[in-house]
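Trainee:
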Amino acid sequence: MYSTHEYNFIKKKVDTFLKSTGLPYYDEKYIRTQNSQLTEIDFILDINNCNVCIFTKFINPAPSSSTITKFISNLNIVKEITNKEIYAILLLKSEISHDDKFQLMTHPIKNIILNNDDKEILYKMFMEFMYSNNIFIKDSDGDTVMLNL
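Using the working numbering, the first residue of the sequence shown is number 1, and each one after it goes up by one.
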């Protein structure tokens, strides 16, 4: 199983990171008030011509195939509503099945799966990925904060 503390740790860290980018983003509470079908997307980062949808599941065992299928369905809904390109980031404690990976790989929405059973390492992987894609944390003056990993 998982501890609520570990599960919430990842969500809180991602929320803090997204806030610090200065880019518009939406958390799961807001997302669900806009569309109750979007139950598997925890955050949406709005970047010009695209949306980055983030799925955080720091649980054992890994999310079920039906959860992954629902997430993909949610991505399609966001794409249809926003008419923007969609990218997906999955932050997982446990690896998903080969069938689920294949389902994601063959779907036209670009995605990346980051998994590690250490919540601190998983969060660092997320930050490194975001920075490598030019999504940076800003300080109160709007200056880019360099990663200190």
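Beta carbons are placed, not taken as given, at the ideal position from N, Cα and C, and that holds for glycine. Because the structure is a prediction, the values reported are computed rather than measured.
1. If you count every other CB in all the chains shown that lies within 10 Å of the CB of N74, and 16 or more means buried, which is it?
2. Taking a contact to mean a Cβ-Cβ separation below 7 angstroms, would you say C53 touches K84 in this structure?
3. Give me, in chain order, the residues of the same chain whose beta-carbon lies closer than 7 angstroms to that of N116; leave out the 5 immediate sequence neighbours on both sides.
4. Quick one: residues in its chain with C-beta nearer than 8 angstroms to the C-beta of T39, no 5 flanking neighbours on either side, listed in chain order?
5. Mapping the DSSP letters down to three states, classify L90 as helix, strand or coil.
6. Please list the terminal residues of the continuous beta strand (DSSP E) segment that includes T39.
7. In whole angstroms, what separates the C-alpha of V145 from that of S132?
8. Hey, could you find the ends of the alpha helix (DSSP H) D99 is sitting in?
9. Is I137 near S64, with beta carbons less than 7 angstroms apart?
10. What is the rounded straight-line gap between the Cα of I112 and the Cα of F43?
11. For N76, tell me which candidate among K110, K12, V14 has the shortest Cα-Cα distance.
12. Determine the direct distance from the alpha carbon of P24 to that of G142, and round the result to whole angstroms.
13. In its own chain, which residues sit with a C-beta less than 6 angstroms from the C-beta of L104, not counting the 5 before and 5 after it?
14. Are I59 and K93 closer than 7 angstroms when you measure CB to CB?
Mentor: Inspection of the coordinates gives the following:
1. As a working note, residue 74 is residue 74 in the sequence shown. Counting Cβ neighbours within 10 Å, N74 comes out buried, since at least 16 surround it.
2. Numbered from 1 along the sequence shown, position 53 holds the residue referred to as residue 53. Numbered from 1 along the sequence shown, position 84 holds the residue referred to as residue 84. Their beta carbons are not under 7 angstroms apart, which means C53 does not touch K84 by this criterion.
3. Locating residue 116 in the sequence shown gives position 116, where the first residue counts as 1. Excluding sequence neighbours, N116 sits near L122, M125.
4. As a first step, residue 39 must be located in the sequence shown, where it is residue number 39. R32, K70, N74.
5. Start at 1 with the first residue of the sequence shown, and residue 90 comes out as number 90. Residue state, collapsed to three classes: strand.
6. Along the sequence shown, read from residue 1 onward, the residue named residue 39 stands at position 39. It is not in any beta strand (DSSP E) - T39 carries neither H nor E in the DSSP assignment.
7. For this step, residue 145 is matched to residue 145 along the sequence shown. For this step, residue 132 is matched to residue 132 along the sequence shown. Distance between the alpha carbons of V145 and S132 is about 14 angstroms.
8. For this step, residue 99 is matched to residue 99 along the sequence shown. Element bounds for D99: 98 to 105.
9. Within the sequence shown, numbered from 1, the residue matching residue 137 stands at position 137. Within the sequence shown, numbered from 1, the residue matching residue 64 stands at position 64. Going by C-beta atoms, I137 is not nearer than 7 angstroms to S64.
10. Reading the sequence shown from its first residue, position 112 is the one you call residue 112. Reading the sequence shown from its first residue, position 43 is the one you call residue 43. C-alpha separation (whole angstroms): 15 angstroms.
11. As a first step, residue 76 is located in the sequence shown; it is residue number 76 there, counting from the start. Here the closest residue by C-alpha is K110.
12. For this step, residue 142 is matched to residue 142 along the sequence shown. For this step, residue 24 is matched to residue 24 along the sequence shown. Looking at the two C-alpha atoms, the distance is approximately 14 angstroms.
13. For the purposes of this step, residue 104 is identified with residue 104 of the sequence shown, where counting begins at 1. Closer than 6 angstroms at Cβ, skipping near neighbours: N111.
14. As a working note, residue 59 is residue 59 in the sequence shown. As a working note, residue 93 is residue 93 in the sequence shown. It is a contact, given that the beta carbons lie within the stated cut-off.
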